[in-house]
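Chemist:
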Amino acid sequence: MIESQTRRRRPGAAEPGRPRTKPSEVRRRELLDAGEALVLRQGIAGTSIDDIVAAADVAKGTFYLYFASKEALVEALRERFAERFGARVAAARAKRDPADWSGQLAAWLEGGVRGYLDQVELHDVLFHTPDFLPRQRRVDGHMEPVRGLVQLLRDGTAAGAWVADDPEMTGILLFYAFHGGVDHAIADGRTDVAGLVAELQAFCRRALGLAETDVQPSRTV
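Each residue of the sequence shown is one higher than the one before, starting from 1 at the first, in my numbering.
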């Protein structure tokens, strides 16, 4: 007796008529790319798994090899957003002397502003959808970029560059001040990114007890 293709197919094997010619990481990225484009255009609630697999040109069974549900794919999009944000900040900090703590803080802020603005529409869809994302998960979604700032504050405190008695709470407060400042600038239609970065730098420096005369000019990232 001939076994059915369904019984014989191994997890990850090609669907009938759809030979698997791409590595799994490429296929997963394509599903994420399709999902990202769709939620930007249609919103999370308005996007279905059927929409995603059609846009990615894969069978529906292939979707479930990588994601247990639409919510799991959206969670992966949030993680990818945080990774991109972190990469932008890391690239900015890499251009500064690691021992220049003032410069490192300035680079974090500038990289953060530009990294946020680069993805602001996606950010709003992924993190500002209350009926889909409970408050605690919205907060958790911001914790990856916060951790980088907390570590910078912790390292700078250890080096005597500034004072942060509680680096974790200080980092959270500074991050949400940064976040709110950028949101306000967006709502106000402000396009002076360099000026916004300078204001955020001055605010954070005051919060850390650094002298205004030590402020360094912002550099384009």
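Glycine included, each C-beta is placed from N, C-alpha and C at the ideal position.
In whole angstroms, what separates the C-alpha of Ala34 from that of Ala55?
Modeler: Roughly 6 Å between the two C-alpha positions.
Chemist: Report yes if the C-beta distance between Gln42 and Phe81 is below 8 Å; otherwise report no.
Modeler: Not in contact: Gln42 and Phe81 (Cβ atoms no closer than 8 Å).
Chemist: Counting along the chain, where does the alpha helix (DSSP H) carrying Lys95 start and finish?
Modeler: Element bounds for Lys95: n/a, residue is neither H nor E.
Chemist: What does the alpha-carbon distance come out to for the pair Asp57 and Thr129?
Modeler: The straight-line gap from Cα to Cα measures roughly 27 Å.
Chemist: Residues in its own chain within less than 6 Å of Gly156 by CB, not counting five upstream and five downstream?
Modeler: Excluding residues within five positions, the ones whose Cβ falls inside 6 Å are Trp101, Trp162.
Chemist: Using 8 Å as the threshold, is the segment 187 to 202 in touch with the segment 109 to 116, meaning 3 or more CB pairs across them?
Modeler: Touching, yes.
Chemist: Output needed for Leu174: all residues of its chain with C-beta closer than 7 Å, excluding positions within five of it in sequence on either side, in chain order.
Modeler: Excluding residues within five positions, the ones whose Cβ falls inside 7 Å are Leu149, Cys204, Ala207.
Chemist: Can you look up Val53 in the DSSP assignment and give me helix, strand or coil?
Modeler: In the structure shown, Val53 sits in a helix (DSSP, three-state: H, G or I).
Chemist: Which residue wins for smallest C-alpha separation from Leu65, given the options Glu25, Val39, Ala185?
Modeler: When each option's Cα is compared against that of Leu65, the closest is Glu25.
Chemist: How would you call Gln104, buried or exposed, if buried means at least 16 neighbouring beta carbons within 10 angstroms?
Modeler: So Gln104 ends up on the buried side.
Chemist: Could you pull out every residue in the same chain whose Cβ sits closer than 6 Å to the Cβ of Leu73, ignoring the five residues on either side in sequence?
Modeler: Hits under 6 Å: Gly35, Phe67.
Chemist: Where do the N-terminal and C-terminal ends of the alpha helix (DSSP H) with Thr157 fall, by residue?
Modeler: Taken as a continuous stretch (DSSP letters only), the alpha helix (DSSP H) holding Thr157 covers 143 to 158.
Chemist: Would you kindly check if the distance between the Cβ of Val125 and the Cβ of Val39 is under 8 Å?
Modeler: In this structure, Val125 lies closer than 8 Å to Val39 by Cβ.
Chemist: Mind listing, in chain order, the continuous alpha helix (DSSP H) runs of no fewer than 4 residues lying wholly within the segment 95 to 130?
Modeler: Runs found: 101 to 118, 120 to 127.
Chemist: Which of the three DSSP states is assigned to Asp183 in this structure?
Modeler: Three-state result, Asp183: helix.
Chemist: Find the nearest neighbour of Ala45 within the set Ala76, Leu31, Glu71, judged by alpha-carbon distance.
Modeler: Cα-wise, what sits closest to Ala45 is Glu71.
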